[in-house]
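Asks: Positions in the sequence shown are counted from 1; adding 5 to them yields my numbering.
Let me give you the structure first, and then I'll get to my questions.
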Amino acid sequence: MGLSRRGLLVAGGAVGALAATPSPAAAHSGHGRVRTGFERLAADGYAALSGQRVGVVTNPTGITREVRHIVDVMHADDRVDLVAVFGPEHGFRGTAQAGGSEGRYDDPATGLPVYDTYLKSGQPLADIFTASGVDTVVFDIQDAGARFYTYIWTLFDCMQSAALAGKRFVVLDRPNPVTGRAALGPVLDKAFSTFVGREPISQAHGMTVAELALLFNGEFLTRPVELEIVRMKGWRRSDFFDETGLPWVPPSPNMPTPETALVYSGTCLFEGTNLSEGRGTTRPFELLGAEGLGPAWAEAANTLGLPGIRFREAYFTPTFSKFQGKTVGGVQLHVHDRASYDPVRTGIGLLVTAKRTWSGFAWRSDNWIDKLTGSTRVRTLIDAGADTDEVVGAWHDELAAFSAVRKQYLRY
């Protein structure tokens, strides 16, 4: 994989006291009442931000337990000198659809300048941080647990650019909504690096955003940033989101529920095909289909005996995106045992059976599937007639190597 081990201590100091590895007893305390990184930061009187001009990279998921946005909370608190907000894909307040952002504007609620980070990286983004006048960049966004969910690469790009601009970087941790038990799926080949995968991590990474920040700083950034993480309290690696006691806010328009996140790291692969991935329905990534598909696909998928999942023949009419306004047939995923469910294996099984049962199956002409899976391998194996086990087995060694590196950066 070419991953190089580097220390976690950067720019003259260790990761802050709140990032210390918890004792086993602490790791199992507070189950059902997880305290986010922001909650711990606020409870500490914002000591990590003392004397700093602060900018926050966030979106609608950056909320308190009382569903107040952290920007509104910090702006009203004299202990924080909040001077800027940085919005990712979909925007700070969440007004933009997939592939869009809100641009540069002044936030009506706070008067703070909002800068657009979407598709910006390197020196241009460093110049934005410099122009904003901040000393410290704070990151607080809810992730979905998949390599191709772009917020983790917003994190990476912002860390890289903050280092170039000489800014501190503080990550406020939030739960991985689909647990942090294991890494799953193929590892990205750097030749396929894009905004849906900058660096060689697995398709489902099984990490929190703070753990990813440590990994990025220790393994991938050629110029590490001065990094501090503020851990959660009470989160266990086996926790699904509904066990945290935290409110869910859709991180993006097509991630409406934690159940969407549960299947997303597998069924998002259908973005790389001519089938609908359920955008434009109330169950994106849980509904998949196309014109001309009937019950044969659900029947074939059920015969795979994939753990924790059943498939129902389903028909739906997307209101936008692929097959807008047309009735299509396909499957709905029903996860009945999420502890044994493997979303990536399921996604591969669905691709294999879709190709075998529907003569109209095709990959997107731009081979987007290669960007999503991180190489040409999944596409070429399926085209060659490989079954689910063959495809999944092809990434065994690289996943084991990544998992070993990943383990060094886990903090819960």
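Glycine included, C-beta positions come from ideal geometry on N, C-alpha and C.
Note that the structure is predicted; figures quoted are calculated from it, not measured.
DSSP has residue 281 in a bridge; who is on the other side?
Replies: Paired residue(s): 294.
Asks: Is DSSP giving residue 114 helix, strand or coil here?
Replies: Residue state, collapsed to three classes: coil.
Asks: Please identify the residue among 229, 240, 170, 284 whose C-alpha is closest to the C-alpha of residue 139.
Replies: Checked all of 229, 240, 170, 284; the closest Cα to residue 139 is 170.
Asks: Kindly indicate the opening and closing residues of the alpha helix (DSSP H) around residue 405.
Replies: Where residue 405 is concerned, the enclosing alpha helix (DSSP H) stretches over 401-412.
Asks: Quick check on this structure: which residue in 241, 262, 278 has the alpha carbon closest to the alpha carbon of residue 286?
Replies: Closest by alpha carbon: 262.
Asks: Pick from 315, 379, 325, 341: whose alpha carbon is nearest that of residue 274?
Replies: Closest option to residue 274, Cα to Cα, is 379.
Asks: Okay, do the region 333-353 and the region 300-316 touch, 3+ Cβ pairs below 8 Å being the bar?
Replies: Touching, per the Cβ criterion.
Asks: Where do the N-terminal and C-terminal ends of the alpha helix (DSSP H) with residue 269 fall, by residue?
Replies: Segment 263-272, the alpha helix (DSSP H) holding residue 269.
Asks: Is residue 443 helix, strand or coil by DSSP?
Replies: As shown, the chain starts at 6 and ends at 417. That puts residue 443 outside it, with no answer to give.
Asks: Tell me whether residue 196 is buried or exposed, calling it buried when 16 or more other Cβ atoms sit within 10 Å of its Cβ.
Replies: The residue is exposed, with fewer than 16 neighbouring Cβ atoms inside 10 Å.
Asks: Cutting at 7 Å between CB atoms, please list the residues of its own chain near residue 38, excluding the five before and the five after it.
Replies: Cβ within range, chain order: 239, 250.
Asks: Put residue 80 into one of helix, strand or coil per three-state DSSP.
Replies: In the structure shown, residue 80 sits in a helix (DSSP, three-state: H, G or I).
Asks: Any contact between the region 87-94 and the region 103-118? By contact I mean 3 or more CB pairs, one from each, below 8 Å.
Replies: The answer is yes - the region 103-118 touches the region 87-94, with three or more Cβ pairs under 8 Å.
Asks: For residue 81, does the count of other Cβ atoms within 10 angstroms reach 16, so buried, or fall short, so exposed?
Replies: Counting Cβ neighbours within 10 Å, residue 81 comes out exposed, since fewer than 16 surround it.
Asks: Taking CB distances under 8 Å as the criterion, tell me whether residue 347 reaches chain C.
Replies: No chain C appears in the structure shown, which is made up of a single protein chain.
Asks: What is the C-beta distance between residue 141 and residue 172, in whole angstroms, given that I count them as a contact (C-beta under 8 Å)?
Replies: Right, their Cβ atoms sit about 6 Å apart.
Asks: What is the rounded straight-line gap between the Cα of residue 86 and the Cα of residue 56?
Replies: Each residue's Cα considered, the two are about 8 Å apart.
Asks: So, helix, strand or coil for residue 70, using DSSP?
Replies: Coil.
Asks: Under 7 Å Cβ to Cβ from residue 323, same chain only, skipping five residues before and after it: list those, please.
Replies: So the qualifying residues of the chain are 281, 284, 285, 286, 329.
Asks: So, at 7 Å on beta carbons, what are the nonlocal neighbours of residue 167 in its own chain, with the 5 sequence-adjacent residues on each side left out?
Replies: Correct list, in chain order: 134, 142, 174, 230.
Asks: Quick check on the DSSP output: what are the complete alpha helix (DSSP H) runs of length 4 or more inside the region 155-239, in order along the chain?
Replies: Listed in chain order, the complete alpha helix (DSSP H) runs (minimum 4 residues) inside the region 155-239 are 156-170, 214-220.
Asks: I'd like the span of the beta strand (DSSP E) that includes residue 318, first residue to last.
Replies: Run containing residue 318: 314-321, per the beta strand (DSSP E) assignment.
Asks: Look at residue 66 and residue 254 and say whether their C-beta atoms are less than 8 Å apart.
Replies: Yes, Cβ-Cβ distance for residue 66 and residue 254 is below 8 Å.
Asks: The beta strand (DSSP E) that contains residue 335, what's its start and end?
Replies: Counting along the chain, the beta strand (DSSP E) containing residue 335 begins and ends at 333-340.
Asks: From which residue to which residue does the beta strand (DSSP E) around residue 85 run?
Replies: That residue, residue 85, is in no beta strand (DSSP E); it is neither H nor E in DSSP.
Asks: Which residues share a DSSP beta bridge with residue 120?
Replies: Its beta-bridge partners are 91.
Asks: Can you tell me whether residue 60 is helix, strand or coil according to DSSP?
Replies: Residue state, collapsed to three classes: strand.
Asks: Round the Cβ separation of residue 41 and residue 237 to the nearest angstrom and send it over; I've been treating them as touching at under 8 Å.
Replies: Their Cβ separation, rounded to whole angstroms, is 6 Å, which keeps residue 41 and residue 237 in contact under 8 Å.
Asks: Sorted by chain position, which residues of the same chain lie with C-beta nearer than 6 Å to residue 326's C-beta, five sequence neighbours on each side aside?
Replies: Within the same chain, residue 326 has close Cβ partners 284, 285.
Asks: Determine the contact status of residue 69 and residue 76, defining contact as a CB-CB distance below 8 Å.
Replies: No, these two residues do not count as a Cβ contact at 8 Å.
Asks: Please report the straight-line C-alpha distance between residue 214 and residue 155, rounded to a whole angstrom.
Replies: One C-alpha to the other measures close to 12 Å.
Asks: Go ahead and pull the three-state DSSP assignment for residue 356.
Replies: Residue 356 falls in the helix class under three-state DSSP.
Asks: Determine whether the beta carbon atoms of residue 98 and residue 186 lie at a separation below 8 Å.
Replies: No, the Cβ-Cβ distance between residue 98 and residue 186 is not below 8 Å.
Asks: Roughly how many angstroms lie between the CA atoms of residue 111 and residue 257, to the nearest whole one?
Replies: Each residue's Cα considered, the two are about 21 Å apart.
Asks: Check the C-beta distance from residue 218 over to residue 206 and give it rounded, since I have them as a contact under 8 Å.
Replies: That belief does not hold up - the Cβ atoms of residue 218 and residue 206 are roughly 12 Å apart, past 8 Å.
Asks: Can you tell me whether DSSP reads residue 253 as helix, strand or coil?
Replies: Three-state DSSP puts residue 253 in coil, outside helix and strand.
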